[in-house]
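Below is one structure, written out as structure tokens; comments come after it.
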Amino acid sequence: MTTEDTGVGLEQTPDQVVLREAVRELCSSFGDAYWRALDAERGYPDAFVRALTEAGYLAALIPEEYDGAGLGLAEACIILEEANHCGGNAAACHAQMYMMGTVLRHGSAEQKKRFLPPIAKGELRLQAFGVTEPNAGSDTTNIATTATRKGDRYVVNGQKVWTSRVAHSDLMLLLVRTAPASSDPKEKTLGLSTLLVDLREAKPGTLDVRPIRTMMNHETNEVFFHDLEVPVENLVGEEGRGFRYILDGMNAERILIAAECVGDGNFFIERAVKYAGERIVFGRPIGQNQGVQFPLARAHAAITAADLVRRQASALFDAGRPCGAEANTAKLLASEASWQAANASMDAHGGYGFAEEYDIERKFRETRLYITAPVSNNLILSYIGQHVLGMPRSF
Ligand SMILES: Cc1cc2nc3c(=O)[nH]c(=O)nc-3n(C[C@H](O)[C@H](O)[C@H](O)COP(=O)(O)OP(=O)(O)OC[C@H]3O[C@@H](n4cnc5c(N)ncnc54)[C@H](O)[C@@H]3O)c2cc1C
Numbered sequence: 001m002t003t004e005d006t007g008v009g010l011e012q013t014p015d016q017v018v019l020r021e022a023v024r025e026l027c028s029s030f031g032d033a034y035w036r037a038l039d040a041e042r043g044y045p046d047a048f049v050r051a052l053t054e055a056g057y058l059a060a061l062i063p064e065e066y067d068g069a070g071l072g073l074a075e076a077c078i079i080l081e082e083a084n085h086c087g088g089n090a091a092a093c094h095a096q097m098y099m100m101g102t103v104l105r106h107g108s109a110e111q112k113k114r115f116l117p118p119i120a121k122g123e124l125r126l127q128a129f130g131v132t133e134p135n136a137g138s139d140t141t142n143i144a145t146t147a148t149r150k151g152d153r154y155v156v157n158g159q160k161v162w163t164s165r166v167a168h169s170d171l172m173l174l175l176v177r178t179a180p181a182s183s184d185p186k187e188k189t190l191g192l193s194t195l196l197v198d199l200r201e202a203k204p205g206t207l208d209v210r211p212i213r214t215m216m217n218h219e220t221n222e223v224f225f226h227d228l229e230v231p232v233e234n235l236v237g238e239e240g241r242g243f244r245y246i247l248d249g250m251n252a253e254r255i256l257i258a259a260e261c262v263g264d265g266n267f268f269i270e271r272a273v274k275y276a277g278e279r280i281v282f283g284r285p286i287g288q289n290q291g292v293q294f295p296l297a298r299a300h301a302a303i304t305a306a307d308l309v310r311r312q313a314s315a316l317f318d319a320g321r322p323c324g325a326e327a328n329t330a331k332l333l334a335s336e337a338s339w340q341a342a343n344a345s346m347d348a349h350g351g352y353g354f355a356e357e358y359d360i361e362r363k364f365r366e367t368r369l370y371i372t373a374p375v376s377n378n379l380i381l382s383y384i385g386q387h388v389l390g391m392p393r394s395f
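Under the numbering used here, residues 1 to 395 are what the sequence shown spells out, in order.
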């Protein structure tokens, strides 16, 4: 029984219940075999992403005036949670849902009109964001990729790493340095800017994309920029203030990732409970042994707790209230809970957990990412220590 079944504690509206059912229905056409085959070949789930786009789900957060569904983050969470709950992997397309928030909140009227309706209709894909760099890592304000203004263009040079979904995106939101870093620690977030790069317009030789093969099926890359030209009209917001714009989208991202983890967690528990009820060893179902039951019960309790904080976080976000503490807490708890559930499920399946055809090992590899990305849990703990508990800042 998941929190959505009990209905108590941040209840779902009737529309949300209908939405959840509809997403489940859509996802049921993309079963285990679909995801397993893609995992084996490290393929991109084109048909799944197309189906979500055509159903309007990836445009959930785009307001109706720009042809989106005009839904809240609570609904967006339901969509991603269910995609993962059904055994899929929303990481292939989740950024399409929230990256446009930077344009929506900080873009000019002209940019919103130009980009948001085609993104909502699925004609333009904004799946990629380039923030992380090899020599900066979690210390984002230390990035070194530069954009130098030359007339009506910026000329970009440098390197990003772990830039996901580039091959399946038309646009990339790119964080660049437009002024040297300040030596004053209070001003270290200044001098960074956000560009919307149209990948289709990159001249040959200016953009070098090198795929990184990872332990799970995740289209991610190193990206090198050699005098890549970006029109000045693609600067989002004010030059030098881009770090704030990226930071602004992070609460939504953390809450959505938490929802995916809750979906993963429920997947692991449901599969394990079913298997433990059917697998007979020593003349009885293995689930009758408390050594098998308790880790699953403990993981279920952790997922339930994480789900409640996730719901609280999205409710605050949708009400326009501060939600940094809740968004960070939800991401921390949900990523830990899904990993706990992954291990409990693996244990309950015994040797079969390692067999590809049971899908536990695949989801196990997929869910592990969220302890590290899009932000490492150490950085989340540091946020809680510093901003929630008021402890001294350590970096
Ligand atoms: C599959 C995948 C997809 C990704 N997709 C994207 C993407 O699309 N776009 C993008 O921009 N980025 C993406 N990332 C990057 C991701 O956000 C980073 O990997 C993550 O933020 C951690 O940065 P790092 O790998 O450089 O680790 P580092 O910053 O080098 O950290 C390494 C370890 O040290 C710890 N650490 C570092 N400093 C401290 C400190 N002060 N206190 C305590 N602990 C500390 C970290 O918590 C971590 O455990 C992706 C990563 C992966 C693996």
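Note that CB positions come from ideal geometry on N, CA and C, so glycine has one too. This structure is a prediction, so every number in the text was calculated from the model and none was measured.
- Query: In this structure, does DSSP put L174 in helix, strand or coil?
  - Reply: In this structure, L174 counts as strand in the three-state DSSP scheme.
- Between K331, P63, V23, which lies nearest to N84 when the distance is taken from Cα to Cα? The option with the nearest alpha carbon to N84 is V23.
- Message: Considering only their Cβ atoms, is the gap separating A252 from F317 smaller than 8 Å?
- Response: Going by beta carbons, F317 and A252 fall inside the 8 Å limit.
- Message: With a threshold of 7 Å (Cβ to nearest heavy atom), would I80 be considered close to ligand 1?
- Response: Ile is not the amino acid found at residue 80; the sequence shown has Leu there. Checking the Cβ of L80 against ligand 1 gives no.
- Message: On a Cα-Cα basis, can you pick out the residue from I78, M216, E187 that is closest to A37?
- Response: Ranking the options by Cα distance to A37, first place goes to M216.
- Task: Give the C-beta separation of L80 and A90 to the nearest angstrom, bearing in mind that I take them to be a contact with Cβ-Cβ under 8 Å.
- Result: Contact holds; Cβ gap of about 4 Å.
- In chain order, what residues of the same chain lie with their CB nearer than 8 Å to the CB of G205, ignoring the 5 residues before and after it? Excluding the 5 residues flanking it on each side, G205 has same chain C-beta neighbours closer than 8 Å at H226, in chain order.
- Query: In this structure, does DSSP put P134 in helix, strand or coil?
  - Reply: The answer is coil: DSSP assigns P134 none of H, G, I, E or B.
- Task: Identify, in the order they occur along the chain, each residue of the same chain with its Cβ nearer than 6 Å to the Cβ of P285, setting aside the five sequence neighbours on each side.
- Result: Closer than 6 Å at Cβ, skipping near neighbours: G277.
- Enclosing alpha helix (DSSP H) for N251 [first to last residue]: From DSSP, the alpha helix (DSSP H) with N251 extends over 250 to 278.
- Can you check the stretch 89 to 145 for any alpha helix (DSSP H) of at least 4 residues that lies completely inside it and give the ranges in chain order? Uninterrupted alpha helix (DSSP H) stretches at least 4 residues long and entirely within the stretch 89 to 145 occur at 94 to 98, 100 to 106, 109 to 121, given in chain order.
- Selected residue, minimal CA-CA separation from L389, among A297, G324, D248: That would be G324, whose Cα lies nearest to the Cα of L389.
- Task: Pull up the CB-CB distance for H94 and E260, whole angstroms please, since I reckon it's below 8 Å.
- Result: Yes, H94 and E260 are in contact; Cβ-Cβ is about 7 Å, under 8 Å.
- Message: Assuming Y419 and T146 are in contact, meaning their beta carbons sit under 8 Å apart, how far apart are those beta carbons, in whole angstroms?
- Response: No answer is possible for residue 419: the residues shown for the chain start at 1 and end at 395.
- Query: Does the beta carbon of S193 fall short of 7 Å from some heavy atom of ligand 2?
  - Reply: Questions concerning ligand 2 fall outside what the structure shown contains, since the ligands it does hold are ligand 1.
- Message: On the DSSP letters alone, give me the boundaries of the beta strand (DSSP E) that Y154 sits inside.
- Response: Segment 153 to 164, the beta strand (DSSP E) holding Y154.
- What number of angstroms, rounded off, separates the C-alpha of M391 from the C-alpha of L381? Taking the CA atoms as reference points, M391 sits about 11 Å from L381.
- In three-state terms, what does DSSP make of T194? DSSP places T194 in strand when its eight states are reduced to three.
- According to DSSP, what are the bridge partners of E229? Per DSSP, the beta-bridge partners of E229 are V155.
- Message: Residues in the same chain with beta-carbon distance under 6 Å from Q386, minus the five sequence neighbours each way, listed in chain order, please.
- Response: Short of 6 Å from the beta carbon of Q386, and not among the five residues preceding or following it, lie these beta carbons of its own chain, in chain order: R393.
- Item | Spatially closest choice to L235 from N378, G265, R149, by CA coordinates | If we check each option's Cα against that of L235, R149 comes out closest.
- Message: Could you check whether the Cβ of T102 sits closer than 7 Å to any heavy atom belonging to ligand 1?
- Response: No, Cβ of T102 sits at least 7 Å from all heavy atoms of ligand 1.
- Task: Let me know if F243 comes out buried or exposed under the rule of 16 or more other beta-carbons within 10 Å of its beta-carbon.
- Result: By the neighbour-count definition (other C-beta atoms within 10 Å, threshold 16), F243 is a buried residue.
- Message: Considering only their Cβ atoms, is the gap separating L116 from Y66 smaller than 8 Å?
- Response: When the beta-carbon positions are compared, Y66 and L116 come within less than 8 Å of each other.
- Query: Would you report the Cα separation of V17 and V131, rounded to the nearest angstrom?
  - Reply: So the two alpha carbons sit approximately 35 Å from each other.
- With distances taken between CB atoms, is the gap from S193 to G240 smaller than 8 Å? For S193 and G240, yes; Cβs fall inside 8 Å.
- Message: With three or more beta-carbon pairs closer than 8 Å as the criterion, would you say the stretch 153 to 166 touches the stretch 359 to 367?
- Response: Result no; under three Cβ-Cβ pairs closer than 8 Å.
- Return the residue from the list S164, K188, R213, M97 that minimises the CA-CA distance to I143. Out of S164, K188, R213, M97, K188 has the C-alpha closest to the C-alpha of I143.
- Message: So the candidates are P63, E11, F395; which of them puts its Cα closest to the Cα of K121?
- Response: Looking at P63, E11, F395, the one whose alpha-carbon comes closest to that of K121 is P63.
- Could you give the distance in angstroms between the alpha-carbon of K113 and the alpha-carbon of M97? Their Cα atoms are separated by approximately 17 Å.
- Is the stretch 299 to 312 close to the stretch 263 to 274, with three or more CB pairs under 8 Å? With a cut-off of 8 Å, the stretch 263 to 274 and the stretch 299 to 312 count as touching, because enough Cβ pairs lie within range.
- Query: Roughly how far, in whole angstroms, is the beta-carbon of S28 from the beta-carbon of C86, given that I think they are within contact range, below 8 Å?
  - Reply: At roughly 7 Å, the Cβ-Cβ gap stays under 8 Å, so S28 and C86 are in contact.
- Query: How should E25 be labelled, buried or exposed, when 16 other C-beta atoms within 10 angstroms of its C-beta is the threshold for buried?
  - Reply: Under the 10 Å beta carbon count, E25 is surrounded by fewer than 16 other beta carbons and is classified as exposed.
- Query: Could you give the uninterrupted runs of the beta strand (DSSP E) lying entirely in the stretch 4 to 87, keeping only those of 3 residues or more?
  - Reply: Uninterrupted beta strand (DSSP E) stretches at least 3 residues long and entirely within the stretch 4 to 87 do not occur.
- Message: Using only CA atoms, which one of E82, F129, F354, D198 lies nearest to E401?
- Response: Only positions 1 to 395 of the chain appear in this structure, which leaves residue 401 out of reach.
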